[in-house]
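In this note's numbering, the protein residues as written are 83 to 484.
Before any comments, here is the structure.
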Amino acid sequence: MPVQQNNQVDVKSWKLAPHVEALKASIIREILKISSQPGVINFAGGLPAPELFPLEDMKLATADAIDKYGAACVQYSLSAGIPILRELIAKRATERGEATSMGNILLTSGAQQGIELMGRIFLAPGDYVLVENPTYLGALQAFNFYQARYATVEMDDEGMIIDQLEAQIKKYHPKLIYTVSNFQNPTGITMTKERRVALIEIAGKYGIPIVDDNPYGDIRFSGEPVPTLKSIGGDAVIVLRTFSKVMAPGIRLGWMNGPVPMLAQVEKVRQCADLHPNALVQHMVYEYVAAGKLEPHIEIIKDNYRNKRDVMMETMRNEFPEEIKSPVPDGGMFLWCELPAHVSAKDLLPKAVELKVAYVYGEPFYPNGGGENTFRLNFSNAQPDAIVEGITRLGKLFKKHI
Ligand SMILES: Cc1ncc(COP(=O)(O)O)c(C=O)c1O
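Have a look at this one:
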């Protein structure tokens, strides 16, 4: 007999943990709900280009993995991830100037899990995290769960303004410094080499770990490469990386590159979360990367995103009022815009949605408030003709309200 649902239970009266009650729903998810209405040109999300997902090669790599590894592909597996893939990732990092061995690599369910694990490892309620202002909303949500507070450092075209860093450290004693040093989400800005060196020096002086969340580092499509924080700072830096932006985000596979003793702690903590990352996906990704498929695929992504960025910026130049400022991103997936100080991007969003185009307003990316006149545009997901149309519509709106 089927079990009867008991509709008398008032689930809403259940007492959740206070730190869960305090969590707010992601504003981006709310905006995405509005912007995913049919016909809306959506610059609000952060989705990679679906037409580029390497589906055929992933199919082959999955078949290869099952043929080669059999039951091991789907058996319980090691918490740090499968050694063959950790080894391959370490080799790739070393080739890029980050001296890395397999012991430095722990596979995660995307960079987001890496951020969450950093919160678990470092934060007690009320602890401060030092972040760029603005910063990645998903990191704020992960750290909010641990009841973090935020010390912020403003940004300019060269990344975190390092002159503000030491005073903030002295005032707030942050437990960790969280940065998105390459093609930052939301601003698209990349930290200069000089700032990286200074950041490592100051963090080292106060013994504070640097977490470099680097999902976009491989997607540089213009400008000169900058040495990674890891290549400059070695063990002072914990790097979070991902296959989300270079293969596909739904596979949920990323990795952490950090000092061996710290990863031992992370491994223990991750066992409570999910035991280990998806074993079939790890084997599939190993086969894909080992077959030499990743690097040429990254080139395809770069060409596609460069073109989309150019189309978006060119249309902005033609259609947006010139008061709107926007730094040129050399990689990644986002363009950041600043309206004149008195114009609220949040207030204009419903009007944009009426015109069937959506963006994310900037406020939620500022952990301590501010940024009312800013907004983020994603250029990786829409097709070029939709980009032209969407930006033209936004241009009309801004011309009317500035
Ligand atoms: C800065 C940053 N970190 C982490 C993530 C999450 O990436 P993943 O899909 O690897 O969890 C994103 C995704 O948008 C991001 O922009």
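C-beta atoms are modelled at their ideal positions from N, C-alpha and C, and glycine is treated no differently.
Since we're looking at a predicted model, the values are computed, not measured.
(request) Measure from the alpha carbon of H358 to the alpha carbon of each residue in Q195, Q266, A104, S304, then state which is nearest. (result) Q195
(message) Spatial neighbours of A233 within its chain, please: C-beta separation below 8 angstroms, excluding the five flanking residues on both sides.
(response) Y210, V211, L212, V213, Q250, I251, K253, Y254, P256
(message) Under 8 angstroms: do the segment 290-301 and the segment 345-357 share three or more Cβ pairs, one atom per stretch?
(response) no
(request) With a threshold of 16 other CB atoms inside 10 Å of the CB of C155, please say whether the residue is buried or exposed. (result) buried
(request) State the beta-bridge partners of A175 as determined by DSSP. (result) Paired residues: none, contrary to the question.
(request) Along the alpha helix (DSSP H) that carries D139, what are the first and last residues, could you check? (result) 137-151
(request) For the beta strand (DSSP E) containing T261, list its first residue and its last residue. (result) 258-261
(message) What does the alpha-carbon distance come out to for the pair K481 and G289?
(response) 49 angstroms
(message) For the pair the segment 136-156 and the segment 471-478, tell me if three or more CB-CB distances fall below 8 angstroms.
(response) no
(request) Could you check the C-alpha separation between L137 and G414 for me, to the nearest Å? (result) 21 angstroms
(request) Any chance you could list the residues with Cβ under 6 angstroms from a heavy atom of ligand 1, keeping chain order? (result) G128, G192, A193, Q194, Y218, G220, V262, N267, D295, P297, T324, S326, P331, G336
(request) Starting from L335, trace the alpha helix (DSSP H) both ways and give me its first and last residue. (result) Run containing L335: none; DSSP gives neither H nor E here.
(request) Could you round the C-beta distance between K428 and Y443 to whole angstroms and report it? I think they count as a contact, below 8 angstroms. (result) 4 angstroms
(request) Buried or exposed for I382, please, with buried defined as at least 16 other CB atoms from any protein chain shown within 10 angstroms of its CB. (result) exposed
(message) Residues in the same chain with beta-carbon distance under 6 angstroms from N296, minus the five sequence neighbours each way, listed in chain order, please.
(response) N264, V321, R323
(request) Excluding the 5 residues preceding and the 5 following F227 in the sequence, name in chain order all residues of the same chain whose CB lies nearer than 7 angstroms to its CB. (result) H101, L105, G201
(request) Determine the extent of the beta strand (DSSP E) in which V211 is found, giving its start and end residues. (result) 210-215
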